[in-house]
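Participant:
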Amino acid sequence: MTDTTTTDTSTTDTSTTNEATEADELSLDPAERLMQGDAWLQFCARLADVGDQLQSDDFPAGPRDRAEGYRYLTRLLTMALKSELEFSDPDYPTFFRHEDPWTQWGGPNADNLYHRAAIDPALTYRVWMDTVDVDTLLVSVSEGDMQLDEYGVYSEKALEDFEVGTDGRLEVIISPDEQPGNWLGTDPMARLVTVRQYHTDWPNDRVAVPFIERVDGRGDPAPPADPADIAEALDRAAHWVERSLHYWNGYLRTALNGATRNEIGKPRTPAGGAPNIAYGSGFWDLDDDHALVITCEKPNAAYWNFQIHTMAWFESGAFHERQTSLNCAQAHIDDDDKVRIVVSHDDPGVPNWIDTERRPVGLLAYRWVQAETMPVPEAEVVPLAELTGHLPANHPTVSPDERRESLARRREAALARYR
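Residue 51 in this note's numbering is what sits at position 69 of the sequence shown, and the numbering runs on without skipping anything.
1. Going by DSSP in three states, W295 sits in which element: helix, strand or coil?
2. In angstroms with no decimal places, state the Cα-to-Cα distance between R53 and G147.
3. State the CB to CB distance for the pair F301 and Y348, rounded to an integer number of angstroms; the pair is presumed to be in contact (CB under 8 Å).
4. Assuming contact is defined by CB atoms lying nearer than 7 Å, are D169 and Y133 in contact in what I supplied?
5. Take Y400 and list the residues in its own chain whose beta-carbon comes closer than 6 Å to its own, dropping the five residues that flank it on each side.
6. Is F41 closer than 7 Å to A237 when the C-beta atoms are compared?
7. Cα separation between C310 and D270?
8. Determine whether the beta carbon atoms of P192 and M111 lie at a separation below 7 Å.
9. Classify Y400 as helix, strand or coil using the three-state DSSP reduction.
10. Identify every residue that forms a DSSP beta bridge with R48.
11. For N94, tell me which candidate among M171, E394 and S298 has the shortest Cα-Cα distance.
12. Out of curiosity, what's the CA-to-CA distance linking D71 and T56?
13. Between which two residues does the alpha helix (DSSP H) containing I323 stretch?
14. Between I259, L16, S326 and Y229, which lies nearest to A140 when the distance is taken from Cα to Cα?
15. State buried or exposed for A207, treating a residue as buried only when at least 16 other CB atoms are found within 10 Å of its CB.
16. Does the distance from the CB of A353 to the CB of A283 come in under 7 Å?
17. Roughly how many angstroms lie between the CA atoms of H221 and T60, to the nearest whole one?
18. On the CB-based measure, 16 or more other CB atoms within 10 Å of its CB, does A49 come out buried or exposed?
19. For the structure I just gave you, are there three or more beta carbon pairs, one from the region 261 to 275 and one from the region 357 to 365, closer than 8 Å?
20. I believe A172 touches E125 by the beta-carbon criterion, under 8 Å. Please report the beta-carbon distance rounded to the nearest angstrom.
21. Drop a sphere of 10 angstroms on the beta-carbon of G247, count the other beta-carbons inside from all chains shown, and report buried for 16 or more, exposed for fewer.
22. With H, G and I counted as helix, E and B as strand and the rest as coil, what does DSSP make of T(-12)?
23. Short of 6 Å in beta carbon distance, which residues of its chain neighbour D319, apart from the five on each side in sequence? Order them along the chain.
24. Is there a Cβ of chain C sitting closer than 7 Å to that of V32, yes or no?
25. Considering Cα atoms alone, identify which of Y285, H272 and P357 is closest to L369.
26. For I323, collect the residues of the same chain with a Cβ closer than 6 Å to its Cβ; drop the 5 residues on either side in sequence, then sort them by chain order.
27. State the CB to CB distance for the pair W87 and W230, rounded to an integer number of angstroms; the pair is presumed to be in contact (CB under 8 Å).
28. Helix or strand or just coil, what does DSSP make of A62?
29. Between the C-alpha atoms of P185 and R391, what's the straight-line distance to the nearest angstrom?
30. Can the beta-carbon of R15 be found less than 7 Å from the beta-carbon of A213?
31. Identify the continuous beta strand (DSSP E) that holds E368 and give its terminal residues.
32. Suppose you measure from the CA of N321 to the CA of R225; what does that come to, to the nearest Å?
33. Between S263 and L174, which are expected to be in contact by the criterion C-beta below 8 Å, what is the C-beta distance as a whole number of angstroms?
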């Protein structure tokens, strides 16, 4: 389940306006529709229609917005085809990675590595991985994705909640009936198992590669492709793209309309999110000459971070090569045990700069994970020319050369995570 940061909203999905026509088209036998080519033509027509919807007044219309919007559709399609076609068979499950810098949707955490696999809640599965030098991770069993109105999270445990072998091997059974040892229970509505890894020390945290198999299907290859299965997968993939495009755009627009700009809200746990993660957020609205200074007591938490999200697409920026996020291992803490974040379009020459990517308006989100304290950040808009007066006298500075070197190391570490 992708992390989320704002309140749940109901949005108008214009992709449903032709539901009656689509229902008639899809009422034919799925195998026959594929054999005749209709399934593919309908799939392409739905994609063309959703592309046309980017031209509506519901979406931003500047050159950068349009370029990002159509790129976003290709990213949604990549995710949809993986989720609904390539990796959709719960009888022969395989973990696949999503939410990397090139397939973002739903506000991903820049410090997470996400893997998911399809499951049948009536079956029993074995999940295993090598966790040596892994910081921490969460394994969860859930219903699906928020934009599909699938909010259920039925069981979840962190790495420290499991028994791990002396060699670092973690093995977990997922089944409807309780099992001895490491076990996560299913629910009749459960369809996904997700492994969410946290990488706070980007250069050094190791990546765990998760594996999954049906316990009574070890070594069995998947059967050949079936026409009916492919037709139904194409239908689901088109639906996933349609719902995703409109849901997240409406989600952000509604949140922005109900927010006071340049203020940060209190942390909370939203429906459909992980129960041990609290989120807070606020929208910046800045010109070139001002910055948003965020001051916060350092939380007593296993992990925390601040990061941006883009309007309309709910992506997290080019976090692999720009400093659009900072976590508890990366951020500078002042002598008074406070974190001071500076959000601005241009580099202000301080360590805790959050790069807006020169977006006039956007969402700044934060996460407290397994937190014992829940501090509420305070925000203030200040002229960039007066920034030093709003920071401690001994607050560090960062030169342009130091920033370039820092970004080069950031990029190398991020790309190593997604190798």
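For each residue, glycine too, the CB sits at the ideal point set by N, CA and C.
Quick caveat: nothing in here was measured; it's all calculated off a predicted structure.
Facilitator: Considering the structure as presented:
1. Note: W295 maps to coil in three-state DSSP.
2. In this model, R53 and G147 are separated by some 43 Å (Cα to Cα).
3. At roughly 15 Å, the Cβ-Cβ gap does not stay under 8 Å, so F301 and Y348 are not in contact.
4. No.
5. Around Y400: D82.
6. In terms of Cβ geometry, A237 and F41 do not form a close pair [threshold 7 Å].
7. Approximately 28 Å, taken between the alpha carbons.
8. In terms of Cβ geometry, P192 and M111 form a close pair [threshold 7 Å].
9. Residue state, collapsed to three classes: coil.
10. Residue pairing by DSSP places R48 opposite no residue, since no beta bridge is assigned to it.
11. Minimum Cα-Cα distance from N94 among the listed residues M171, E394 and S298 corresponds to S298.
12. A direct Cα-Cα distance of roughly 23 Å separates D71 from T56.
13. I323 -> not in any alpha helix (DSSP H); beta strand (DSSP E) instead, spanning K320 to S326.
14. Per the Cα distances, I259.
15. So A207 ends up on the exposed side.
16. Contact annotation: A353 and A283 have beta-carbon atoms nearer than 7 Å.
17. Approximately 13 Å, taken between the alpha carbons.
18. Under this definition A49 is an exposed residue.
19. Short answer: they touch.
20. Between A172 and E125, the beta carbon gap of about 6 Å places them in contact (Cβ cut-off 8 Å).
21. Result: buried.
22. Any answer about T(-12) is weak, because its pLDDT of 43 lies below 50 and its placement is not dependable; what the coordinates show is given next. Collapsing the DSSP output to three states places T(-12) in coil.
23. Exclusion of the five residues before and after D319 leaves K280 as the residues of its chain whose Cβ lies within less than 6 Å of its Cβ.
24. Looking for chain C here will not work: only one protein chain is present.
25. Answer by Cα proximity: H272.
26. Annotation for I323: I276, F288, N334 and I336 place their beta carbon closer than 6 Å to its own, counting only its chain and skipping 5 residues before and after.
27. Rounded, the Cβ-Cβ distance is 7 Å, consistent with contact.
28. If DSSP states are grouped into helix, strand and coil, A62 belongs with the helices.
29. When rounded, the distance between both Cα atoms is 8 Å.
30. Taking 7 Å as the cut-off, the Cβ atoms of R15 and A213 count as close.
31. From DSSP, E368 is part of no beta strand (DSSP E); its letter is neither H nor E.
32. Contrary to the premise, residue 321 reads as Val rather than Asn in this sequence. Their Cα atoms are separated by approximately 37 Å.
33. 25 Å between Cβ atoms; not a contact.
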